[in-house]
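Have a look at the structure below, then the notes.
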Amino acid sequence: MFDSPFMSLPGITPQEYSYLQTATTGFSEQQLRGFLMIYGSKRRNPDDMVLYCILGFFVPGLPRFLVNQIGMGVLYFFTVGLCFIGTIIDLINHKTLAFEYNQRMVFESLQMVKMGNLQ
């Protein structure tokens, strides 16, 4: 596990690590490097999400905008984070927000690698 290229991702959780391993089984070394380059640039670190959620008290909806949930971000913005209740829930569930976003980015990155026909 410690010699895996996935360990270079900052703040990687065991859940994300196992998801990445499953998603990239059968990849060549070059495909894996291309995937990591694309995924690493799109990924949200769960530790950084805590900071974004705290900043959400001052800029309502910020964490939702950063995970591409634009509709929820607009709703949070105009309702001041659903009277801060939604912002508090986001702060508690920051790892889930990051993981769900990262799952979507894994899928997008896999598609880009497969379309690039890296071998």
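Take the sequence shown: its letter number 64 is residue 64 in UniProt numbering, and every next letter is one higher.
Even for Gly, the Cβ is constructed at its ideal location relative to N, Cα and C.
Can you give me the start and stop residues for the alpha helix (DSSP H) that residue i sits inside?
i, result
"residue 59", "Element bounds for residue 59: n/a, residue is neither H nor E."
"residue 87", "85-92"
Quick one: measure Cβ to Cβ for residue i and residue j, integer angstroms, because I've assumed they're closer than 8 Å.
i, j, result
"residue 63", "residue 77", "About 11 Å separates the two Cβ atoms, so there is no contact after all."
"residue 17", "residue 106", "Actually they do not touch by this definition, with Cβ atoms about 12 Å apart."
"residue 81", "residue 56", "6 Å"
"residue 43", "residue 9", "7 Å"
"residue 15", "residue 99", "6 Å"
Note down, in chain order, each residue of its chain lying with its Cβ closer than 6 Å to the Cβ of residue i, except the 5 sequence neighbours on either side.
i, result
"residue 91", "53"
"residue 95", "46"
"residue 73", "61, 64, 65"
Under 8 Å Cβ to Cβ from residue i, same chain only, skipping five residues before and after it: list those, please.
i, result
"residue 68", "101, 104"
"residue 127", "Because the chain is modelled from 1 through 119, residue 127 falls outside the range shown and cannot be assessed."
Residue i by DSSP, collapsed to three states: which one?
i, result
"residue 10", "coil"
"residue 102", "helix"
"residue 18", "helix"
"residue 25", "coil"
"residue 111", "helix"
"residue 67", "coil"
"residue 43", "coil"
"residue 48", "helix"
"residue 79", "coil"
Enumerate in chain order the residues of its own chain whose CB-to-CB distance from residue i is below 7 Å, with the five nearest sequence positions on each side excluded.
i, result
"residue 141", "Residue 141 falls outside the range modelled here, since the chain spans only 1 to 119, and no answer is possible."
"residue 12", "6"
"residue 86", "76"
"residue 118", "Bear in mind that a pLDDT of 47 at residue 118, under 50, signals an unreliable position, so the number given afterwards is only what the model happens to contain. The residues are 30, 31, 34."
"residue 39", "105, 106, 109"
"residue 88", "none"
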